[in-house]
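K.L.:
Residue numbers (the working numbering), protein chains in the order written: chain G, 1 to 161; chain U, 1001 to 1629; chain C, 2001 to 2070.
1) Can you check whether the CB of residue 1293 (chain U) is closer than 8 Å to the CB of residue 1236 (chain U)?
2) By Cβ distance, which residues of its chain are closer than 6 Å to residue 86 (chain G), with the 5 residues on each side in sequence left out?
3) Output, in sequence order along the chain, the residues in the stretch 1205-1217 of chain U whose CB is closer than 8 Å to any CB in chain G.
4) Of all the residues that make up the stretch 2043-2056 of chain C, which are near chain U by a beta-carbon distance shorter than 8 Å?
5) I want to see whether chain U comes within less than 8 Å of residue 153 (chain G), judged by CB atoms only; does it?
6) Using a Cβ-Cβ cut-off of less than 8 Å, give me the residues of the stretch 19-48 of chain G that come near chain U, in sequence order.
7) In chain U, what lies closer than 7 Å to residue 14 (chain G) by C-beta?
8) Mind checking residue 1150 (chain U): buried by the 16 CB within 10 Å criterion, or exposed?
9) Do residue 1357 (chain U) and residue 1406 (chain U) come within 8 Å of each other at the CB atom, strictly closer than that value?
10) Can you grab the Cα-Cα spacing for the pair residue 2006 (chain C) / residue 2032 (chain C), in whole Å?
11) Which word fits residue 1355 (chain U), buried or exposed, when buried means at least 16 other C-beta atoms lie within 10 angstroms of its C-beta?
12) Could you say if the stretch 1346-1353 of chain U and the stretch 1251-1258 of chain U meet the contact criterion of at least three C-beta pairs nearer than 8 Å?
13) Which word fits residue 1488 (chain U), buried or exposed, when buried means at least 16 other C-beta atoms lie within 10 angstroms of its C-beta?
14) My output table needs one value for residue 2035 (chain C): the three-state DSSP class, helix, strand or coil.
15) Which word fits residue 1424 (chain U), buried or exposed, when buried means at least 16 other C-beta atoms lie within 10 angstroms of its C-beta?
16) Using 8 Å as the cut-off, can you tell me whether the stretch 147-158 of chain G makes contact with the stretch 1586-1597 of chain U, which would need three or more C-beta pairs spanning the two stretches below that distance?
17) At the 8 Å Cβ level, is residue 106 (chain G) part of the contact set with chain U, yes or no?
18) Count the other C-beta atoms from every protein chain shown that fall within 10 angstroms of the C-beta of residue 63 (chain G), then say buried if there are 16 or more, exposed otherwise.
19) Would residue 1129 (chain U) be called buried (16 or more neighbouring beta carbons within 10 Å of its own) or exposed?
20) According to DSSP, is residue 2008 (chain C) helix, strand or coil?
21) Run the CB neighbour count on residue 42 (chain G), radius 10 Å, all protein chains shown included, and call it buried at 16 or more, exposed below.
22) Where does residue 1307 (chain U) sit, in a helix, a strand or coil, going by DSSP?
23) Could you name the residues of chain U that residue 2062 (chain C) contacts, counting a contact when the two beta carbons are closer than 8 Å?
24) Determine whether the Cβ of residue 1069 (chain U) lies closer than 8 Å to any Cβ atom of chain C.
25) With H, G and I counted as helix, E and B as strand and the rest as coil, what does DSSP make of residue 2057 (chain C)?
26) What's the gap between the Cα of residue 117 (chain G) and the Cα of residue 73 (chain G)?
27) Classify residue 1402 (chain U): buried if its beta carbon has 16 or more other beta carbons within 10 angstroms, exposed otherwise.
28) Less than 8 Å between the CB atoms is what I'm expecting for residue 2061 (chain C) and residue 2049 (chain C), so what's the real figure, rounded?
29) At the level of alpha carbons, what is the spacing between residue 92 (chain G) and residue 1173 (chain U)?
30) Using the beta-carbon count (16 or more within 10 Å), is residue 1184 (chain U) buried or exposed?
31) May I ask you to verify whether the stretch 1217-1236 of chain U touches the stretch 1513-1533 of chain U, counting CB pairs closer than 8 Å and requiring at least 3?
32) Who are the neighbours of residue 2027 (chain C) on chain U, taking C-beta pairs under 8 Å?
33) Exposed or buried, what is residue 156 (chain G) when buried is set at 16 or more other beta-carbons lying within 10 Å of its beta-carbon?
34) Indicate the three-state DSSP secondary structure (helix, strand or coil) for residue 1620 (chain U) in the structure shown.
35) Step through the CB atoms of chain U and report whether any lies within less than 8 Å of the CB of residue 2000 (chain C).
36) Pick out whichever of U:1048, U:1515, U:1428 has its Cα sitting closest to the Cα of residue 1463 (chain U).
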């Protein structure tokens, strides 16, 4: 079963540990500008949103790549990048609506999330549980359960009264 | 590599900026962070300078392990001569500034001189510029940060002062984000006196991790351990306000300026109420505990509040209203003033008003009565803008007492001219010793053996406190005892110094729980992240060296044994409330003197608290100032 | 909030400490029934109010304020 990274932004505490471990895992350095995931913050409104490659089914980045360096791996559910074919034209950076494709200014290559080949480190280090790596068929049930438990709590207060 | 971050000397008077690498021998001697800041402060200032003059030096730093895999490696430290006390000024804050400055290539910024017009300092990927900041002058701490984010990019981190710092309130703070405050010692006023409105940083440079795979595994292990402790779970839900459940319930808090030690009927400000206002918690860089809430009060969003907010705008001023706590927390963050100092100063003003030493004539009609929520919130504004009575109170305890005259000083609760925090140490000698001997003044974050309050069994105290250096004396579990406490205070001084050297948050170390990080972990983090080989004993020695430099600074400014003491109320007025075990207690003068004697001896200082020549030689400080950096 | 908590070696010991609180008056430890809001210490008789951080972790909230006067 394919797994996806489920992002639950209301659990995110904005600590940006995911950014640091991503860059350490892939490049051996702590440098969020070389991470594949970023937490976008509105510090005066208290809103934090982890943003990561969505591993689209009909990915715009795949569509625009002139060298077919990007392709979808159905087993892992990931859009993967073949660096041997990539010419660094950066059309994929323009095409992606989510900012999922980044540019690594040290190597000058484009970078994107590769799900750490099935063991995403950002998920592992997310202690509040804002990032979870779940089976695709369990994602909506999980969100439904979270919403239902909030409702159940409210209902118990009403029932008690 | 963290070891190749640079130091920058910024001379505002001449406009010169010099950047240098930090030699490895300096790193081995002082590691970085607060310790290296103290070395720089001692070497780059002369004794007797005016803290609000151009000769003072403001040093902003990130710890050596900032932005590395070391649990919450988020802390920024700032040092200067304090305008409040004239002693060492030191303040530490969380958030995201230190990591950003580290990614920008710098660990230490040494700001000298004074700019003619308001400026801000821009630190960006190895470059530093002094830029015109007159458009920022007068803005609140939030508006300043927004303005700079608009100008320089959303991802910049800003360290700034607010109106209080601009008005040279002697306990103004520096702010980053919504609530990360460098509050104690009044260093916001130092930046204000230099016309520095803000320091902005943005970095995209690598910080190489020496052993990335091992660092990831070890960091995960430590974080998993920390997040599983009872302490972390409680902190993550209620923030530091949970401490009140123990201290106010027992009778260990200072209320109404030390007249009582417990707020009765305190249910309205119990920490559980935060759930009604909060919509989640937020954390600093890399932190698994996330101890501050996102809350909305009166339609205003802010973060926090902390135990000190409950104290300053709750029991200290006799207010028993959660919204006053939330609103007070918002205002001090907005104006950029130290929450602890302002709470204590307001309580002191209220006692003076109660005793008739200041009257409506002095306050302009403001009724400084216990429990007057509106007066409390209005006074915060008056102090930040130096209006009315605020102008006198903004001067800090000693100078305000000199202006008010009569016997106002007798009612002030301070150590070395810095107000005490909102806890009552009369029942707990160890905590009393900690605040009396603190280098920056009265303080709970430089030497508080807080776990003493937990009545831990002796075998556990031995396990914690005999590592890495053994104490030859006896430990006692009861926090009302005097025996064995000087060593606990000393050990915690070393622990907090070590944590500040590497720039990690104290809530992750043996501060509020005995099961958290200690010297062993710091040693391992240093090894995996930077390759620096230092045993726990080596880390202890560096901490001891840096603590002694702090002490030397104070000695040079004229502080000594006479200042390592508490006001008379600790010794003469017994506690009035609380559980039987804490009621009717004072600190015994003779036993306190005995604790100070033992404390000095354990440190290797003479009977006046001055480090002996043998101690200085052992620590390699006999040639200070040595100008290595 | 869902959290990843540690799967520590002492998890059996941790289970036996569910609902454990320590009386602030006499420092004895006792277990409080799930969802309990009050606790009277069997050793010293002092009465406390209890709050729950999560279903397994209880803490003392404070004393019965209306009973305390000096």
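Cβ atoms here follow ideal geometry from the backbone N, Cα and C, with glycine treated the same way.
P.N.:
Working from what's here:
1) no
2) 69
3) 1205, 1206, 1207, 1208, 1209, 1212, 1215, 1216
4) 2046, 2048, 2051, 2053, 2054
5) Chain U, which has no Cβ nearer than 8 Å to the Cβ of residue 153 (chain G), makes this no.
6) 20, 21, 24, 25, 27, 28, 29, 30, 31, 32, 33, 34, 43, 44, 45, 46, 48
7) Chain order gives the chain U residues near residue 14 (chain G) as 1282, 1283, where near means a beta carbon separation below 7 Å.
8) exposed
9) Taking 8 Å as the Cβ cut-off, residue 1406 (chain U) and residue 1357 (chain U) qualify as a contacting pair.
10) Bear in mind that a pLDDT of 43 at residue 2006 (chain C), under 50, signals an unreliable position, so the number given afterwards is only what the model happens to contain. For residue 2006 (chain C) and residue 2032 (chain C), the gap between their C-alpha atoms comes out near 23 Å.
11) With fewer than 16 neighbouring CB atoms inside 10 Å of its own CB, residue 1355 (chain U) falls in the exposed class.
12) The stretch 1251-1258 of chain U and the stretch 1346-1353 of chain U touch, with three or more beta-carbon pairs separated by less than 8 Å.
13) buried
14) coil
15) buried
16) no
17) yes
18) exposed
19) exposed
20) Note that residue 2008 (chain C) has pLDDT 41, beneath the 50 cutoff, so the model's placement of it is unreliable and the number below is only indicative. Of the three classes helix, strand and coil, the one that applies to residue 2008 (chain C) here is coil, per DSSP.
21) exposed
22) helix
23) 1245, 1248, 1249, 1266, 1267, 1270
24) no
25) strand
26) 11 Å
27) exposed
28) 4 Å
29) 46 Å
30) Buried.
31) yes
32) The contact set of residue 2027 (chain C) on chain U, defined by CB atoms closer than 8 Å, consists of 1455 in chain order.
33) exposed
34) coil
35) Nothing in the structure corresponds to residue 2000 (chain C), since chain C is present only between 2001 and 2070.
36) Of U:1048, U:1515, U:1428, the residue nearest in Cα terms is U:1515.
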